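Here the protein sequences come in this chain order: A and B. The C-terminal position of the first sequence is numbered 1130 in this note's numbering, with every residue numbered one higher than the one before it. The C-terminal position of the second sequence is numbered 1130 in this note's numbering, with every residue numbered one higher than the one before it. Glycine included, each C-beta is placed from N, C-alpha and C at the ideal position. These figures come from a predicted structure and were not determined experimentally. Reading through the structure tokens given below for one structure.
Protein chains: 2
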Amino acid sequence: MSKSTRFPVAVHILTFLSAHPGEYVSSDAIAKSVATNPVAVRKILGMLVKAGFVSSLAGSRGGAKLEVDPQKLSLLDIYQAVEQREIFQMHEPHPNCPLAKGVKTDLQQVFDLAQTAMERQLAAQTLQDVSQKAVLDFNQAMC
Amino acid sequence: MSKSTRFPVAVHILTFLSAHPGEYVSSDAIAKSVATNPVAVRKILGMLVKAGFVSSLAGSRGGAKLEVDPQKLSLLDIYQAVEQREIFQMHEPHPNCPLAKGVKTDLQQVFDLAQTAMERQLAAQTLQDVSQKAVLDFNQAMC
DNA sequence: GCATAAGTTACAGTTACAGTTACAAATAAA
DNA sequence: TTTATTTGTAACTGTAACTGTAACTTATGC
């Protein structure tokens, strides 16, 4: 796979916003910390706005602002907002082969179990958990 | 991600082999059941040979043969043989930003926990578990 | 009006996967 | 020994996704 880094970038963005509570932060400022370009940041910010985690304001002195409590935002929430895909993807086996049918059914069940186990771990962590230390460090020495 | 279907295809291949114990099966026959082409099957078979799960024989009446007990081969074994990638990939944030550093460290830990939880589910299932029913169906009605 | 900034679209570059073709090497069977 | 079969591998193509860049529109504050 050419893998997406949308999920870690989204967490990074939200952490950045949580370090500036109540302020509108520009995609340009965020892009510097993430080490990417403002358009990439805005694309992901758009998904976070759709999910209701962030609000944005166009124009001078505009930007993005965190709209939820970092303690109440789980990593699973973030993951599902920006990365809706499932980990495993089934292939499309021969439709008339009974062996293929059996494999498909059983494997899909295992895939679901594995995905759920993974998601349970993400659900157990909040944005606060992963951003608290980072924000403290940040406030002592800005980028 | 453009996602790989190597893992489910590998399970399918191994199930097919387990339905023909002691026989050498050609990549062509397997390809028909998987609904792909023989070269794709041989590529994955090559990984399974490297992992020691399968042996192969070139030439007339050659093919691939299962070399392990389906009850002792976990889905995690198969997954790791054909799909070495990690689910989540970190981005490369600004090296001098303390906020970025903190996020990176904490997120990596969460990624590891989530990946481990997923792998534990795969480790709990054997090839036998997912192939048993399929093989029975298959022996009643071949593809 | 002007500067700033989000939002969107379009395009190029990169990477990964899947499928196909081709061919050398190995092996069994005639 | 010759022939047919089959693996193993390399090369190439097409497709899809992600990233980065540029250009443009829209919205807002000064």
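One or two residues paired with residue i in a DSSP bridge
i: A/Thr1113; result: A/Ser1061
i: B/Lys1052; result: B/Ser1042
i: B/Val1036; result: DSSP output for B/Val1036 lists no bridge partner at all.
i: B/Val1012; result: B/Ala1051
Residue-chain proximity (residue i, chain B), Cβ-Cβ < 9 Å
i: A/Met1034; result: no
i: A/Gln1058; result: no
i: A/Asp1166; result: Nothing can be reported for residue 1166 of chain A: it is not among the residues displayed for chain A, which extend from 988 to 1130.
i: A/Leu1053; result: no
i: A/Thr992; result: yes
i: A/Phe1040; result: no
i: A/Asp1064; result: no
i: A/Val1097; result: yes
i: A/Lys1037; result: no
i: A/Val1026; result: no
i: A/His1047; result: For the record, residue 1047 of chain A in the displayed sequence is Ser; it is not His. Not one chain B Cβ lies under 9 Å of A/Ser1047.
i: A/Ser1043; result: no
Cβ-Cβ distance between residue i and residue j below 9 Å
i: A/Glu1073; j: A/Gln1112; result: no
i: A/Leu1060; j: A/Lys1052; result: no
i: A/Leu1109; j: A/Pro1057; result: no
i: B/Lys1091; j: B/Met1077; result: yes
i: B/Ser1005; j: B/Ser1118; result: yes
i: A/Phe994; j: A/Val1069; result: yes
i: B/Ala997; j: A/Glu1079; result: no
i: B/Leu1086; j: A/Ala1016; result: no
i: A/Asp1064; j: B/Asp1093; result: no
Minimum Cβ-Cβ distance from residue i to chain A less than 9 Å
i: B/Val996; result: yes
i: B/Glu1010; result: no
i: B/Gly1089; result: yes
i: B/Arg1107; result: yes
i: B/Ser1013; result: no
i: B/Ala1121; result: yes
i: B/Gln1067; result: no
i: B/Arg1131; result: There is simply no residue 1131 of chain B to check, as chain B begins at 988 and stops at 1130 in what is shown.
i: B/Ala1016; result: no
i: B/Lys1019; result: yes
Range covered by the alpha helix (DSSP H) that runs through residue i
i: A/Phe1075; result: From DSSP, A/Phe1075 is part of no alpha helix (DSSP H); its letter is neither H nor E.
i: B/Pro995; result: 993-1005
Presumed contact (8 Å Cβ cut-off) between residue i and residue j, rounded CB distance
i: B/Gly1050; j: B/Val1012; result: 5 Å
i: A/His1081; j: B/Ser1020; result: 5 Å
i: A/Leu1035; j: A/Val1041; result: 4 Å
Heavy atom of the ligand NAP within 8 Å of residue i beta-carbon
i: B/Lys1052; result: The model depicted lacks the ligand NAP and carries no ligand whatsoever.
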